[in-house]
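In the UniProt record's numbering, the protein residues as written are 6 to 487. All residues carry an ideal CB built from backbone N, CA and C; glycine is no exception. Predicted model, so just to flag it, every value in this text is computed and none were measured.
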Amino acid sequence: NRQDQDFKVADLSLAEFGRKEIALAEHEMPGLMAIREEYAAQQPLAGARITGSLHMTVQTAVLIETLVALGARVRWASCNIFSTQDHAAAAVAVGPNGTPDNPQGVPVFAWKGETLEEYWWCTEQALTWPDATTGGPNMILDDGGDATLLVHKGVEYEKAGEVPSVDTAESEEHAVILGLLTRTLAENPQKWTNLSAEIRGVTEETTTGVHRLYEMHRDGTLLFPAINVNDAVTKSKFDNKYGCRHSLIDGINRATDVLIGGKTAVVCGYGDVGKGCAESLRAQGARVVVTEIDPICALQAAMDGYQVARLEDVVEQGDIFVTTTGNRDIILAADMARMKHQAIVGNIGHFDNEIDMAGLAKVPGIVKDEVKPQVHTWTFPDGKKIIVLSEGRLLNLGNATGHPSFVMSNSFTNQTLAQIELYTKPDQYPTDVYVLPKHLDEKVARLHLDALGVRLTELRPEQAAYIGVEVAGPYKPDHYRY
Ligand code: NAI
């Protein structure tokens with residue numbers, strides 16, 4: 006990259022390959038393409054400056070170019086150090102009409118294999134708009150809440166007039182964030198306060214990020230309204246479940262090529278992600294054991310035919326372990342010490358604290374060895390090895406390419422509609438956390454039926470009256486669970 010260019014990707018010469026895969030993905034993303042057509046004339050996002058922090062994949066490229074097609078300007082970072090597809094990032098930076106020598110696309114700051122310092126630098130770049138009066142975006146599109154977190158922490162420390170000392174950091178990553186905010190406070194003590202004042206809202210992609218938003222709202226610290234995209238039915242009941250059903254085993258296969266049939270797989274957590282993971286492992290012929298803390302989900306797993314056990318009771322029998330909880334400390338170093346030789350351990354939840362990697366590194370005499378990027382063996386002093394995928398970070402994006410286009414079209418159509426809602430109707434959304442109205446959820450599903458040859462039955466007016474709905478929907482009350 007030339008120094009004067011306002012983006013940073015691994016290799017611009019990958020743009021042509023990226024553009025070809027984007028073209029294939031567009032065909033598999035009918036929801037996004039229909040939204041482009043529907044809103045082309047209206048340009049509802051004209052004037053929007055959207056900062057995105059979401060895995061920089063081929064599918065995300067189609068999302069970014071949809072936002073641009075609706076009038077938005079966009080800056081982007083990935084939300085994970087391993088999840089960027091470098092050819093997709095290059096194609097977005099070059100743009101559909103640019104060339105590697107004359108890039109004309111969207112400023113993207115993302116490459117596969119960032120350090121934690123680089124990761125947070127990229128997030129800061131995506132949030133820093135050189136030509137905006139406030140220097141920032143007026144919309145955020147987040148996945149896991151890191152962009153939102155940086156703004157909120159920045160404002161908190163600017164109010165306090167100081168950033169806690171790096172010595173108080175709870176982790177390496179926390180230290181990086183404190184270091185970054187110490188620098189920005191010195192450079193511009195109003196940077197985040199000014200920037201946040203103009204943000205109309207954030208649309209959040211995932212369970213973990215949504216959890217953070219509800220916590221901030223409960224504590225009275227949320228600075229702008231948010232739409233919880235995750236809990237659109239056409240997001241969490243599709244992406245989290247059917248997406249992981251596809252991309253979990255894709256990640257395990259690309260990382261290890263181990264035969265899954267006949268093996269014992271332990272899935273920790275049986276929420277939407279756990280349900281998809283367990284199903285795909287069983288479909289490959291694995292014997293699947295589920296662990297849960299919630300009696301409802303545990304009962305669901307049992308009724309679906311899985312053994313439900315505690316990790317400590319099956320840790321010596323498992324060949325493959327997958328954490329899907331969004332919770333911390335699920336597999337500890339002491340658990341890994343008890344596993345079989347060459348047990349495979351991976352996480353598909355949003356953050357890397359589900360598997361205690363820091364504890365593993367501290368086991369006396371343990372040796373870490375790289376088989377290939379994102380695949381490591383850890384050899385215990387007795388010679389037993391375990392295989393850890395993506396250093397405990399989400400393995401479907403670290404070891405494979407994340408969810409395929411069709412399911413992401415559902416998620417990202419929700420994202421786009423949520424951006425339009427918050428950007429165009431700020432008066433209707435005082436600071437709070439919202440879900441999209443059900444008619445938009447049904448619209449997203451409807452946009453994906455033709456591609457699968459689905460012929461939907463139409464309600465007759467008497468039938469609609471009998472069950473108390475409109476012929477055009479919504480068809481279910483808000484409390485319906487699908
Ligand atoms: P969820 O809330 O539906 O499911 C999590 C489940 O884990 C719950 O049923 C909960 O009871 C269970 N759990 C919590 N602590 C546990 C423990 N100590 N032991 C066993 N089970 C435990 O959440 P969802 O939607 O399934 O998401 C899970 C995680 O995956 C989140 O971090 C989310 O952000 C992430 N995610 C990752 C995706 C990917 O592509 N890698 C896609 C979608 C979500």
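Any heavy atom of the ligand NAI inside 7 Å of the beta-carbon of C84? no
Which residue's Cα is closest to the Cα of R80: A94, K240, G473, G310? A94
According to DSSP, is V368 part of a helix, a strand, or is it coil? coil
Between the C-alpha atoms of I353 and R398, what's the straight-line distance to the nearest angstrom? When rounded, the distance between both Cα atoms is 7 Å.
Supposed close pair H92, F22 - CB separation, criterion 8 Å: About 5 Å separates the beta carbon of H92 from that of F22, a gap short enough to meet the 8 Å contact definition.
Spatial distance of T120 from L464 (CA atoms): 54 Å
Could you check where the beta strand (DSSP E) with H381 kicks off and where it finishes? 380 to 384
Helix or strand or just coil, what does DSSP make of I391? strand
Output needed for G76: all residues of its chain with C-beta closer than 8 Å, excluding positions within five of it in sequence on either side, in chain order. Apart from the 5 residues on each side of it in sequence, G76 sits with its Cβ closer than 8 Å to the Cβ of Q48, P49, L50, A51, G52, A53 in its chain, given in chain order.
Between the CA atoms of A45 and E129 - distance to the nearest angstrom: 31 Å
Please give me, in chain order, every unbroken run of the beta strand (DSSP E) with length at least 3 that falls completely inside the region 220 to 259. 231 to 233
Tell me whether G276 sits in a helix, a strand or coil according to DSSP, three-state version. coil
Going by other Cβ atoms of all chains shown within 10 Å of its Cβ, with 16 needed for buried, is T138 buried or exposed? exposed
Same chain only: Cβ atoms within 8 Å of G266, ignoring 5 sequence neighbours per side: Q289, G290, A291
Residue of H355, N102, I27 minimising C-alpha distance to V67: I27
I'd like the list of long-range same chain contacts for Y485, defined as Cβ closer than 8 Å, with 5 residues on each side in sequence excluded. none
Between the CA atoms of V97 and N6 - distance to the nearest angstrom: Confidence at N6 is low in this model, with a pLDDT of 43, below 50, so its placement is unreliable and no value can be given for it.
Is F326 helix, strand or coil when you go by DSSP? strand
Which parts of the region 68 to 108 are runs of the beta strand (DSSP E), unbroken and 3 residues or longer, counting only runs that do not cross its ends? Listed in chain order, the beta strand (DSSP E) runs fully inside the region 68 to 108 are 78 to 82, counting runs of at least 3 residues.
My output table needs one value for V271: the three-state DSSP class, helix, strand or coil. strand
For a minimum of 4 consecutive residues, which ranges assigned as the alpha helix (DSSP H) are wholly contained in the region 284 to 324? 300 to 308, 316 to 319
Do Q420 and T208 come within 8 Å of each other at the CB atom, strictly closer than that value? yes
From the DSSP output, in three-state form, read off E209 for me. strand
Where L190 and E375 are concerned, what is the direct C-alpha to C-alpha distance, given to the nearest angstrom? Between the C-alpha atoms of L190 and E375 there is a straight-line separation of about 38 Å.
Residues sharing a beta bridge with D147, DSSP: S58, E209
When burial is assigned at 16 or more other CB atoms within 10 Å of the CB, is I204 buried or exposed? Buried is the label assigned to I204, since at least 16 other Cβ atoms lie within 10 Å of its Cβ.
Does the Cβ of Y124 have 16 or more other Cβ atoms within 10 Å, making it buried, or fewer, making it exposed? buried
Three-way DSSP call (helix, strand, coil) for Y434 in this model: coil
By DSSP's criteria, N352 is part of a beta bridge. Which residues make up the other side? T328, L399
Within the same chain, show all residues whose beta-carbon is closer than 6 Å to that of V438, passing over the 5 residues directly before and after it, in chain order. Sequence-distant partners of V438 (beyond 5 residues in either direction) whose C-beta falls short of 6 Å from its own C-beta, in its chain, are L218, Y219, H222, A231, N233.
Are there 16 or more other CB atoms within 10 angstroms of the CB of residue 488, so buried, or fewer, so exposed? Lying before the first or after the last residue shown, residue 488 is absent from the chain, which here runs from 6 to 487.
Kindly indicate which three-state DSSP category Y480 falls into: helix, strand or coil? coil
What does the alpha-carbon distance come out to for the pair E192 and Y480? 53 Å
G36 - containing alpha helix (DSSP H), residue span: 35 to 44
For a test of the three-state rule: what should DSSP assign to V113, helix, strand or coil? strand
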